[in-house]
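Asker:
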């Protein structure tokens, strides 16, 4: 265990994995009636699982170091910090898992949600991008780097689809059990917080 957590990179990487496990298992519960888009969730699980296996050398001491590892560490630290803030803001079990199909009856517009509309996904992407960058800085990474890059692109695509689905669900009265007032309030929230993932950018 001491060997696995013997560097800042291994500690931060472990933190990003624990955050995602906490999100899936505890903070954002799966709906009791199943996922609205099970194939999309399966794709996310596949890309994430493959990404975890490909980036697992980050748990071990690096045979060499580079500035890329420092950049990766910074991104993973941002991921852990942002997700912790998001989890504290949302509280356990208040929001459903991605592709859950269950529409919340409230809008969170404070904490990290005051800056971007989907901070949890931003945190995950910081983590995966940091892992990719740190892995690219290792002398023993080899083919794992392009393979992890493909997984990251897949994760981005799945999250983008999930974001579009969630926002459509919030805005549409027909898909929102007639909660027109909530749709109107969410539109006002979107007008106020224009960025989905990065403030002022996207």
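Residue numbers (UniProt numbering): 1 to 202. Heads up, the beta-carbon is just placed ideally off N, CA and C, and yes, glycines get one too.
Quick test of the definition: if touching needs 3 or more C-beta pairs under 8 Å, does the segment 130-140 touch the segment 18-31?
Answerer: Touching, no.
Asker: Roughly how many angstroms lie between the CA atoms of residue 62 and residue 10, to the nearest whole one?
Answerer: So the alpha carbons of these two residues sit roughly 9 Å apart.
Asker: Report all residues from its chain with a CB closer than 6 Å to the CB of residue 172; omit the five preceding and five following residues, and keep chain order.
Answerer: Once the five neighbours on either side are set aside, residue 172 has no close Cβ partner at all.
Asker: To which residues of the same chain is residue 74 closer than 6 Å at the C-beta, ignoring the five residues directly before and after it?
Answerer: Excluding positions up to five away in sequence, the list is empty.
Asker: Under a three-way DSSP split, which group does residue 72 fall into?
Answerer: Here residue 72 sits in helix by DSSP.
Asker: Could you pull out every unbroken beta strand (DSSP E) segment of at least 3 residues lying fully inside the segment 97-180, listed in chain order?
Answerer: Those beta strand (DSSP E) runs which fall completely within the segment 97-180 and span 3+ residues do not exist here.
Asker: Quick check: the segment 118-136 against the segment 48-68, are at least 3 beta-carbon pairs closer than 8 Å?
Answerer: Short answer: they touch.
Asker: In angstroms, rounded to a whole number, what distance separates the CA positions of residue 199 and residue 45?
Answerer: Rounded to whole angstroms, residue 199 to residue 45 spans 27 Å at the Cα level.
Asker: Should residue 126 and residue 79 be called a contact, given that it needs their Cβ atoms to be closer than 8 Å?
Answerer: Yes, Cβ-Cβ distance for residue 126 and residue 79 is below 8 Å.
Asker: Roughly how many angstroms lie between the CA atoms of residue 43 and residue 161, to the nearest whole one?
Answerer: Roughly 11 Å between the two C-alpha positions.
Asker: Which class does residue 185 belong to by DSSP, given the choice of helix, strand or coil?
Answerer: Helix, per DSSP.
Asker: When you compare only the Cα positions, how much space is there between residue 59 and residue 192?
Answerer: Going from the Cα of residue 59 to the Cα of residue 192 covers about 41 Å.
Asker: Give a yes or no on whether the C-beta atoms belonging to residue 120 and residue 50 are separated by under 8 Å.
Answerer: No, they are not a contact pair.
Asker: CB-CB under 6 Å to residue 83, same chain, minus the five flanking residues each way: which ones, in chain order?
Answerer: Contacts found: 19, 123.
Asker: Nearest by alpha-carbon distance to residue 111: which of 90, 7, 183 is it?
Answerer: Nearest C-alpha to residue 111: 90.
Asker: On the DSSP letters alone, give me the boundaries of the alpha helix (DSSP H) that residue 21 sits inside.
Answerer: Residue 21 -> alpha helix (DSSP H) spans 8-22.
Asker: Hey, out of 53, 155, 159, 197, whose CA is closest to residue 113's CA?
Answerer: Measuring from the Cα of residue 113, the nearest candidate turns out to be 197.
Asker: Please say whether residue 155 and residue 28 have beta carbons closer to each other than 8 Å?
Answerer: No, the Cβ-Cβ distance between residue 28 and residue 155 is not below 8 Å.
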